[in-house]
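1312 is the number of the first residue of the sequence shown in my numbering; add one for each residue after it. Here the structure comes first, spelled out in structure tokens, and everything after it is commentary.
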Amino acid sequence: MKRLFKHQNSTQEILSVFKNQRFLTFKYPKIALFILILLFLILLLKILMWLVLFLILIAIATSVFVLQACFFHLVLQPPFHRVLSCFKS
């Protein structure tokens, strides 16, 4: 019987903690909110950084492909005006 009463008492303590919401209270809630917003902005910045890096790599690969095409155009078809037309387009 004492065990049952002891168990019931601890359950009531746990429920009182939930009712009081002591586990959710912060000493400085504005600072906690500021830190959360800061972490979210850092996450967005990292995602944006990877996106920009990916776009730069695509641009480099595309420009290398275009330069190779113009170079092979120059080697395979010697007339100079065809090379200039390749660079214009």
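From the three backbone atoms N, C-alpha and C, an ideal C-beta is built for every residue, glycine too. Computed from a predicted model, the values in this text were never measured in an experiment.
Close-in-space but distant-in-sequence residues of the same chain around residue i (CB under 6 Å, 5 per side omitted)
{"i": "Thr1373", "result": "none"}
Any non-hydrogen atom of the ligand FMN within 7 Å of residue i CB
{"i": "Val1377", "result": "Inclusion of the ligand FMN in the displayed structure is not the case, the ligand content being empty and no account of it being possible."}
Contact set for residue i: own chain, Cβ-Cβ below 8 Å, skip 5 residues either direction
{"i": "Leu1362", "result": "none"}
Minimum Cβ-Cβ distance from residue i to chain B less than 8 Å
{"i": "Leu1350", "result": "Protein chain content of the structure displayed is limited to a single chain, and chain B is not contained in it."}
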